[in-house]
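See below for the structure under consideration.
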Ligand code: PRP
Ligand code: MN
Ligand code: MG
């Protein structure tokens, strides 16, 4: 555990190296499915920014040595619904991407985690209504939770139990995104960085 966060973290849940290894294999799977075509990779900010960057780097490395390389375009959309460690249930899309440019394109939505599935449930119809040629979703993590709506992404890195995780761009009220490993929080940190739950 990095010294600067030693007081706040319980344990390292997925070390950075393991994440990177998994991403390399995910990149292969994605290209096998979508390769040879133009891909628009859509990053779901803020949580997906590290995964997005590392996944696209891995895809670029594979494309570099390929005869059937896939041109990759990028776009960014900001979607937010959590306060503390709870889904507020109201998924706000705060803009970013020009979704009309997705018409006719092969869209790869890149998300960090599918927890309840509400974010994907809100975002997928928005994307689909602009007439993409195909839509795939890659999520680094999928949580096994009784609160799940049952949505499963096309590509997923790891299945995790029902624990709240931070690091590798996963946040608790915007803290801990800079941490490189995926970690679990101590109870004391939950209180220390807590916000009053907003009534939305
Ligand atoms: C988190 C996470 C996913 C979503 C998953 O985003 O990054 O986008 O929640 O949860 P769900 O499946 O229950 O919808 P958050 O709202 O915390 O915004 P952030 O990405 O800016 O941290
Ligand atoms: Mn998010
Ligand atoms: Mg968050």
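Residue numbers (the UniProt record's numbering): 24 to 223.
Every residue, glycine too, gets a C-beta built ideally from N, C-alpha and C.
Neighbour-count burial assignment, residue i, 16 or more Cβ in a 10 Å radius
i: residue 148; result: exposed
i: residue 223; result: Legend: pLDDT at residue 223 = 49, less than 50; position of this residue unreliable, no value from coordinates given.
i: residue 142; result: buried
i: residue 204; result: buried
i: residue 176; result: buried
i: residue 127; result: exposed
i: residue 29; result: exposed
i: residue 113; result: exposed
i: residue 152; result: exposed
i: residue 96; result: exposed
CA-to-CA distance, residue j to residue i, given in whole angstroms
i: residue 31; j: residue 166; result: 22 Å
i: residue 125; j: residue 160; result: 14 Å
i: residue 216; j: residue 194; result: 11 Å
i: residue 107; j: residue 137; result: 17 Å
i: residue 55; j: residue 211; result: 44 Å
i: residue 130; j: residue 110; result: 26 Å
i: residue 101; j: residue 85; result: 28 Å
i: residue 46; j: residue 154; result: 28 Å
i: residue 39; j: residue 33; result: 16 Å
i: residue 72; j: residue 201; result: 11 Å
i: residue 75; j: residue 133; result: 6 Å
i: residue 41; j: residue 156; result: 33 Å
i: residue 105; j: residue 43; result: 26 Å
i: residue 115; j: residue 183; result: 25 Å
i: residue 49; j: residue 219; result: 38 Å
i: residue 81; j: residue 135; result: 16 Å
i: residue 51; j: residue 196; result: 33 Å
Residue i beta carbon near ligand 2 (any heavy atom closer than 8 Å)
i: residue 78; result: no
i: residue 102; result: yes
i: residue 137; result: no
i: residue 68; result: yes
i: residue 168; result: no
i: residue 134; result: yes
i: residue 211; result: no
Proximity test, residue i beta-carbon vs ligand 1 heavy atom, cut-off 8 Å
i: residue 71; result: yes
i: residue 150; result: no
i: residue 51; result: no
i: residue 113; result: no
Proximity test, residue i beta-carbon vs ligand 3 heavy atom, cut-off 8 Å
i: residue 105; result: yes
i: residue 194; result: yes
Bridge partners - residue i, DSSP secondary structure assignment
i: residue 161; result: 133 and 178
i: residue 198; result: 195
i: residue 218; result: According to DSSP, which records beta bridges pairwise, residue 218 is partnered with nothing at all.
i: residue 37; result: 205
Sequence ranges, beta strand (DSSP E) only - wholly within the UniProt domain "Phosphoribosyltransferase" (41-195), length at least 3: 62-68, 95-106, 109-119, 129-137, 157-166 and 178-183
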